[in-house]
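S.K.: The structure that follows is given in the form of structure tokens.
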Amino acid sequence: MLSRLAKFVSGSNRPSGSDLFQQRLAIYESELGEPEHTFTDNAERRIDIHAFGRDFVPACQEGSDEGYVLLTNGMSEQRMHGVPGDAKPRAELMWYVREPTEEIWANLRWLANLPFIDTTWFGFGHRVALPWPPVAGTDFQTFLFLTPIIGPDKEIAEALKIAGDPVEILTVNLISHQELGLIKSEGLDPFLDLLDENDYPPIFDPSRKSYV
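1 is the number of the first residue of the sequence shown in full-length UniProt numbering; add one for each residue after it.
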């Protein structure tokens with residue numbers, strides 16, 4: 001199913017912009033089911049945001065940890081500027097949250113527009129530092145982009161193509177000033193090790209304490 005949809009999106013008979021939105025959504029739905037909410041964008045550069053409900057506890061384990069997978073749809077319509085040859089030139093953003101509040105999805109849409117405002121590009125390990133916390137309840141001011149490690153989300157990333165270009169799925173994370181300092185001084189790997197050691201929660205927790 002995914003390979004057929006991906007082939008259609010990247011095929012020589014280019015669908016219209018509206019059709020591309022529907023085809024990306026079809027790929028999303030093939031792994032995540034139907035979205036519970038869609039926040040449609042009316043701007044000239046249209047970036048819709050879909051909210052898919054998910055229980056983040058694996059089926060083989062007891063209990064539940066319910067939240068949402070927020071996923072942009074439209075950021076990949078345009079190639080990002082200055083992408084090196086070994087990186088994917090297009091991207092969509094994913095954020096695991098407890099509730100799809102307006103504050104959350106507005107930040108996600110702003111991030112998805114940022115590369116085209118600042119003529120830059122986003123990839124694994126890239127960061128966006130702000131002068132203030134972007135979300136209520138947290139002191140963290142820096143967005144960090146990683147790539148999905150959950151199976152269905154990785155499948156989406158592998159299936160998406162536009163005009164023959166692969167599309168990167170980047171997960172959105174908020175980190176502390178101290179954690180940013182660690183990444184700057186020692187690189188990303190030591191910080192990723194800290195995430196593993198501290199059982200970093202998949203769902204964004206604004207009250208998370210800094211690991212550094």
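In this text, a Cβ means the ideal position worked out from N, Cα and C, and glycines have one as well.
Predicted, not measured: the structure shown is a model, and the values here were computed from it.
Please confirm whether residue 128 and residue 143 have their CB atoms less than 7 Å apart.
M.R.: By one-based count along the sequence shown, residue 128 stands at place 128. By one-based count along the sequence shown, residue 143 stands at place 143. Yes, they are a contact pair.
S.K.: By a C-beta neighbour count over all protein chains shown, 10 Å radius and 16 as the cutoff for buried, is residue 184 buried or exposed?
M.R.: In the sequence shown, counting from the first residue as 1, residue 184 sits at position 184. Residue 184 comes out exposed.
S.K.: So, helix, strand or coil for residue 210, using DSSP?
M.R.: As a first step, residue 210 is located in the sequence shown; it is residue number 210 there, counting from the start. Three-state DSSP puts residue 210 in coil, outside helix and strand.
S.K.: Counting Cβ pairs, one atom from each stretch, are 3 or more of them under 8 Å apart for the stretch 161-181 and the stretch 41-50?
M.R.: The answer is no - the stretch 41-50 does not touch the stretch 161-181, with fewer than three Cβ pairs under 8 Å.
S.K.: The beta strand (DSSP E) spanning residue 175 covers which residue range?
M.R.: Working through the sequence shown from its first residue, we reach residue 175 at position 175. 165-175 is the span of the beta strand (DSSP E), which, as asked, contains residue 175.
S.K.: Measuring only the C-alpha atoms, how far is residue 137 from residue 104?
M.R.: Numbered from 1 along the sequence shown, position 137 holds the residue referred to as residue 137. Numbered from 1 along the sequence shown, position 104 holds the residue referred to as residue 104. C-alpha separation (whole angstroms): 12 Å.
S.K.: Once DSSP output is grouped into helix, strand and coil, what is the label at residue 143?
M.R.: Here residue 143 refers to the residue found at position 143 of the sequence shown. Here residue 143 sits in strand by DSSP.
S.K.: With a 10 Å radius around its C-beta and 16 neighbouring C-beta atoms as the bar for buried, classify residue 156 as buried or exposed.
M.R.: The residue given as residue 156 occupies position 156 in the sequence shown. So residue 156 counts as buried.
S.K.: State the DSSP-derived secondary structure class of residue 8, mapped to helix, strand or coil.
M.R.: Here residue 8 refers to the residue found at position 8 of the sequence shown. In this predicted model, residue 8 has a pLDDT of only 36, less than 50, meaning its place in the structure is not dependable enough to derive any value.
S.K.: Rounding to the nearest angstrom, what Cα-Cα distance links residue 57 and residue 134 in this structure?
M.R.: Here residue 57 refers to the residue found at position 57 when the sequence shown is read from its first residue. Here residue 134 refers to the residue found at position 134 when the sequence shown is read from its first residue. Cα to Cα, residue 57 sits roughly 27 Å from residue 134.
S.K.: With a 10 Å radius around its C-beta and 16 neighbouring C-beta atoms as the bar for buried, classify residue 13 as buried or exposed.
M.R.: Residue numbering aside, residue 13 sits at position 13 when the sequence shown is read from its first letter. Residue placement at residue 13 is flagged as unreliable, the pLDDT there being 44, under the threshold of 50; the coordinate-derived value follows with that caveat. Flag for residue 13 reads exposed.
S.K.: Please list the terminal residues of the continuous alpha helix (DSSP H) segment that includes residue 156.
M.R.: The residue labelled residue 156 in the question sits at position 156 within the sequence shown. It spans 151-159 - the alpha helix (DSSP H) in which residue 156 sits, taken as one unbroken run.
S.K.: Kindly list the residues whose CB is nearer than 6 Å to the CB of residue 65, restricted to its own chain and excluding five residues on each side of it in sequence; keep chain order.
M.R.: For the purposes of this step, residue 65 is taken as residue 65 along the sequence shown, with counting starting at 1. Counting only Cβ-Cβ distances below 6 Å, and skipping sequence neighbours, we find 56, 57.
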